[in-house]
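Notes follow the structure.
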Amino acid sequence: MIMVNTWVDNIIRSCSVTKKELESYRKQLDQGDAVEKDEFDIVGGMISDLVYSMDWLSRGRRPGNRRGIERQAIYKRTALLDMNLFPSMNMEDDREKPIDDKDKRAMIDILWTLSNRERESYVLHMSYGMSYAEIAAELKVGRTTVQKYVERAKKKVLENI
85 MIMVNTWVDN IIRSCSVTKK ELESYRKQLD QGDAVEKDEF DIVGGMISDL
135 VYSMDWLSRG RRPGNRRGIE RQAIYKRTAL LDMNLFPSMN MEDDREKPID
185 DKDKRAMIDI LWTLSNRERE SYVLHMSYGM SYAEIAAELK VGRTTVQKYV
235 ERAKKKVLEN I
């Protein structure tokens, strides 16, 4: 399977490095000194904020929140918009009409109604033109399983248009 680092992965990695640096700095502070005690507390708050942010980004929902918010995960939707999966639409007179951001957002909303496997299979098949066999090899599932995912996804997309 092709592993691509997303901008979210890069942010999490950067925050992790910063967190380690702050923890190291915090250990050096003398809590007996009033000035350094304040610095100790401020750095502790910064570490706490970093942990919270990394947890939010990695889980896709607010830490402590019991409900998943897959449809509301803005950073994931933004990543799909940035990928430009929907560059243009063919019109009846064979000219291409660019898709505006409003239409792209509507398409992304429809894609988020699909399960992860349906979405992966559908995008690989419809946007990248991969065959069911190629997708099956990529996702390490059977070809008929991919076919079912794509057919189910197409049905859901048509229902939501």
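In terms of the numbering used here, the sequence shown opens at residue 85 and continues consecutively.
Note that CB positions come from ideal geometry on N, CA and C, so glycine has one too.
query	result
CA-to-CA distance, Y233 to D184, given in whole angstroms	28 Å
Beta-carbon proximity list for E154, same chain, < 6 Å, skipping 5 on both sides	With a pLDDT of 48 at E154, under the threshold of 50, the modelled position of this residue cannot be trusted, and the question is left open.
Reduced DSSP secondary structure (H/G/I, E/B, other) of W140	helix
Best match in K240, T228, E218 for proximity to L198 [C-alpha to C-alpha]	K240
Inter-residue CB distance, M138 and S108 (contact presumed, cutoff 8 Å)	Contact flag wrong, Cβ pair sits at about 17 Å.
Helix, strand or coil at S215 according to DSSP, with G and I counted as helix	coil
Coil, strand or helix - D93 by DSSP	helix
Cβ pair M214, L208 closer than 8 Å	yes
Expected contact under 8 Å - CB spacing of E123 and L113 to nearest Å	6 Å
Coarse secondary structure for I245, derived from DSSP in three states	coil
Chain-order list of residues whose beta-carbon lies under 6 Å from that of A217 (same chain, five-residue window excluded)	R227
Three-state class that DSSP yields for Q231 in the structure shown	helix
Residues near M130 by beta carbon distance below 7 Å, same chain, minus five either side	L106
Distance between beta carbons of A237 and S268, contact taken as under 8 Å	The structure shown does not extend to residue 268, since the chain is modelled only from 85 through 245, so no value can be given for it.
Inter-residue spacing [alpha-carbon to alpha-carbon] between N94 and S142	11 Å
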